[in-house]
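Residue numbers (the working numbering), protein chains in the order written: chain S, 345 to 808; chain V, 345 to 808. Just below is one structure, and these are the notes that go with it.
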């Protein structure tokens, strides 16, 4: 276990250098207010010589003026002023420094690169670990630490290593809507000290983390990255998304290849050996996390789709098939059984099953039949509010769908819910209601059948 | 011009047979209330022997009891009762009958198939045209006729031929959110009389229709369908989406092929010759419509992307490239010009341009530079609200983005806006605001860069 990183995630006191007393200062809001919102129990020390008090906390002119010990420092001052802050950290005996500020090696300017090197060498004189520069830092709900006050307060099982602060916002917020919670999320920016390899190693061993995900743009050491990914994936499901721009940075270190092989091909080949699940977008990464956490499928993935809407049902087969699910064909005998419980004209009694009408009894009886159907391992319920009549801007069917969810959530076979469409106000409201019910029932929720199918196919070996 | 169909879309009186006085009866709501909501100016006659009055309209026991002439009849009665209704239509001299009810040939039952045949032969004794059975009918805002009261009241340029009622709801409602309006939308169901070929021919000639789209599952006559698509596409941009299930129905008529060719391959080959734009989903169909209607791009599609967020910007290049756009590389000289107007550290002055900060002056100056950049034909603005700090559940940046939209909408180069992410409450609200501003300014709006790029690539020959 990497005890140094473990310590960084559990500091007993935090100083925020460059916090501002200006109302709604964005950086102060990010860090100081998040600590308050998350109920961080350690010492909180804003540092800024211009203020006596910031957001109700006493402010100190420098780190050295803080009376007690300081474990962790968040630095918001402009890049050139960072060296002075780091020297103060050395003198104070700080353990870790998160440098939020940009304007270092990522600019490509030699001066800025040297500034970053100087920062690292200053820190190393006392073994201070650096997160950044140019990153949002870390979110560890168990420690009450966050850089975003609306992230979930409760901890979960996913660890996220991110070479992009913005993607942590996008992933955490959107995955949270679908029930995913995080152990730790770390944005490491330029990775001048703590880098993707350290973090992958840490998460691989972290008992709190059951699933790892990573967004990586480039690597200082491609071989080490591939090794870390391989070890992580050997221990836990590991999902990786690659940012395109800096593939050139990986080329030299991973590959030994001629000019005919593209950078993307080199990365693809390297990552294929590691056993990680590859996600092509943040959306897909969320789908995969939802699948790993909430879908229990054993054996084959033979599916039944139930829902309402002719065209939608016709397309459902294509979407599932494109993603890698197989829709089980119905036998004549099974159709006869269905016919006895579904009295409607205009109803397609084949898989996908188009079941119009608000009749809850019919719904329950069809679900009972699907439960007993031996050719099916997983039951998908697709809902498309926008194909139904609205009344007064409401999805008339919603109260019925909410009741249907009760029956659906009691199935013993693995289930999932898809609500698609939802570009309209009414559609979005209905989607949010159904998504929230899925969250409450631990049922995986997806915004399209294709996305559900792709995610299930990607997770295949972990679901068996 | 098909004057018969033209007449059907402009009836002077409509009888709704089987309308019910029950509160919120779904079918009555669909048809009778929609006519009222749309301000239909012709005669409206509910027909049902059980009621004296329905929704404030005098009800008649049969069509024959209606005092004046009846041009169009909507039949909601159960399938077996439809023959009697059709006989009354013959006796009354009705011009067209829309049979909403299901339970005919689509069931695959011989009896039900014979019932449909009987309906058609009864209608033909007096030249009555039939829409359906098993369909929602037509929406023609110019005539004040709809089967959905929340469809847009104003008419537009898109004609939609749909072998699925549910997809008309999905398409019209969602496309409307992005500014698309329709000339006529026709759901033709089993197509017992009026079919996809008739409708494609009609729309090809209809002066009100500038763009045609079609959702087709199967065809009675594959060769005729291919011919109609070719003629339509020769006259107007024509977008087609194929429902998968009934490809078998097309096989026998279009193809002359051995067992090694898949049904999908036959359809693909046939449709490729027609010159239509193929959409793989309703989402993609909407993207294509938005592109055809609102994006004016001439010549090459060399793009510049502006927006905020590191990871998001890195991925932007991949997404655009996958879709078929080319991001123009910045010259050193152009970078120097940008550097003079963008003073921020942490800002990537390469295409895609990552422009953080709320500074409207910088935004205006960057847009000015992009306007003068000769290597760029189109400017994409990507917004990802969920990567930004929220305050009190609001996207803090939104008021700034709204002001930015003003500058953006004044550009002379073709522009488009992408708002992506938006699974959170705050994200959705921000998206809706920006989408509505795009609508007001006639700027194409897309939910992802990939979707924008794919749509542009698909429309390429119409944009040149």
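All C-beta atoms, glycine included, are put in the ideal place defined by N, C-alpha and C.
Note to self: Using the three-state DSSP reduction, which class does residue 479 (chain S) fall into: helix, strand or coil?
What the structure shows: coil
Check: Mind checking if residue 521 (chain V) is an interface residue toward chain S, Cβ cutoff 8 Å exclusive?
Finding: yes
Item checked: Rounded straight-line distance, which links the Cα of residue 761 (chain S) to that of residue 478 (chain S) -> 39 Å
Notebook entry, point to check: Just how far apart, CA to CA, sit residue 577 (chain V) and residue 451 (chain V)?
Noted result: 33 Å
Next item on the list: List the residues that DSSP assigns as beta-bridge partners of residue 426 (chain V).
Entry: Bridge partners of residue 426 (chain V): none, in fact.
Next item on the list: Pair every Cβ in the segment 492-512 of chain S with every Cβ in the segment 393-411 of chain S, then say whether three or more of these pairs are closer than 8 Å.
Entry: no
Notebook entry, point to check: Does the distance from the CB of residue 579 (chain V) to the CB of residue 758 (chain V) come in under 8 Å?
Noted result: no
Notebook entry, point to check: Using the beta-carbon of each residue, which ones in chain S are nearer than 9 Å to residue 641 (chain V)?
Noted result: The premise fails here: residue 641 (chain V) is roughly 24 Å from chain S at the closest Cβ pair, so nothing lies under 9 Å.
Item checked: Burial state of residue 750 (chain V), where buried means 16 or more other Cβ atoms lie within 10 Å -> exposed
Check: What is the rounded straight-line gap between the Cα of residue 598 (chain S) and the Cα of residue 614 (chain S)?
Finding: The predicted position of residue 598 (chain S) is uncertain, since its pLDDT is 41 and thus under 50; a value taken from the coordinates is nonetheless stated next. If you take the alpha carbons of residue 598 (chain S) and residue 614 (chain S), they lie about 7 Å apart.
Next item on the list: Report yes or no: is there a C-beta of chain V within less than 8 Å of the C-beta of residue 441 (chain S)?
Entry: no
Item checked: DSSP-derived helix/strand/coil call for residue 596 (chain S) -> Residue confidence for residue 596 (chain S) is low, a pLDDT of 35 falling below 50, so the modelled location carries little weight; the figure read from the coordinates is stated next. Helix.
Notebook entry, point to check: Roughly how many angstroms separate the alpha carbons of residue 296 (chain S) and residue 773 (chain V), rounded to a whole number?
Noted result: The structure shown does not extend to residue 296 (chain S), since chain S spans only 345 to 808, so no value can be given for it.
Check: For a contact meaning CB atoms closer than 7 Å, what does residue 384 (chain V) contact in chain S?
Finding: Within chain S, no residue comes near residue 384 (chain V); the closest Cβ sits about 18 Å away, beyond 7 Å.
Next item on the list: Determine the extent of the alpha helix (DSSP H) in which residue 396 (chain S) is found, giving its start and end residues.
Entry: Where residue 396 (chain S) is concerned, there is no enclosing alpha helix (DSSP H), given that its DSSP letter is neither H nor E.
Next item on the list: Kindly indicate which residue of V:536, V:721 and V:725 has the alpha-carbon position closest to the one of residue 344 (chain V).
Entry: What is shown of chain V runs 345 to 808, which leaves residue 344 (chain V) out entirely.
Margin query: Quick check on residue 721 (chain V): buried or exposed, where buried means 16 or more other Cβ atoms within 10 Å of its Cβ?
Written below: buried
Checklist line | DSSP state of residue 503 (chain S) mapped onto helix, strand, coil | finding: strand
Checklist line | Euclidean distance between Cα positions of residue 604 (chain S) and residue 563 (chain S) | finding: Caution applies to residue 604 (chain S), whose pLDDT of 39 falls short of 50 and renders its modelled position unreliable; the value that the coordinates give is listed next. Approximately 22 Å, taken between the alpha carbons.
Note to self: Output needed in chain order: residues of the segment 498-519 of chain V with a Cβ under 8 Å from some Cβ in chain S.
What the structure shows: 506, 507, 508, 509, 510, 511, 513, 514, 517 and 518
Note to self: For residue 644 (chain S), which residues in the same chain have their Cβ closer than 6 Å to its Cβ, ignoring the five residues on either side in sequence?
What the structure shows: 721
Note to self: Below 7 Å on C-beta distance, what does residue 767 (chain S) contact in chain V?
What the structure shows: 518 and 521
Item checked: Beta-carbon proximity check, residue 474 (chain V) vs residue 536 (chain V), cutoff 8 Å -> yes
Item checked: Contact set for residue 766 (chain V): own chain, Cβ-Cβ below 6 Å, skip 5 residues either direction -> 772 and 775
Next item on the list: Have a look at V:705, V:502 and V:363 and flag the residue whose alpha-carbon is nearest the alpha-carbon of residue 372 (chain V).
Entry: V:363
Checklist line | Cβ of residue 557 (chain S) within 8 Å of any chain V Cβ | finding: no
Note to self: With H, G and I counted as helix, E and B as strand and the rest as coil, what does DSSP make of residue 622 (chain S)?
What the structure shows: strand
Item checked: Short Cβ contact (8 Å threshold) for residue 491 (chain V) with residue 374 (chain V) -> yes
Next item on the list: Output yes if chain V places a C-beta closer than 8 Å to the C-beta of residue 430 (chain S); else output no.
Entry: no
Note to self: If you reduce the DSSP assignment to three classes, tell me which class residue 586 (chain S) lands in.
What the structure shows: strand
Check: In this structure, what does DSSP give as the bridge partners for residue 738 (chain V)?
Finding: V:735
Next item on the list: Using a Cβ-Cβ cut-off of 8 Å, state whether residue 587 (chain S) counts as contacting chain V.
Entry: yes
Next item on the list: Within the same chain, show all residues whose beta-carbon is closer than 8 Å to that of residue 590 (chain V), passing over the 5 residues directly before and after it, in chain order.
Entry: With a pLDDT of only 37 at residue 590 (chain V), under 50, the local geometry of the prediction cannot be trusted, and the value read off the model is given with reservation. Only 561 and 562 meet the Cβ criterion.
Check: Do you know offhand how far residue 399 (chain S)'s Cα is from residue 426 (chain S)'s?
Finding: 23 Å
Margin query: Looking only at its chain, what residues have a beta carbon closer than 6 Å to the beta carbon of residue 763 (chain V), apart from the 5 residues adjacent to it on each side?
Written below: 727, 775 and 778
Item checked: In chain order, each alpha helix (DSSP H) run of at least 4 residues that lies wholly inside the segment 430-487 of chain V -> 454-468
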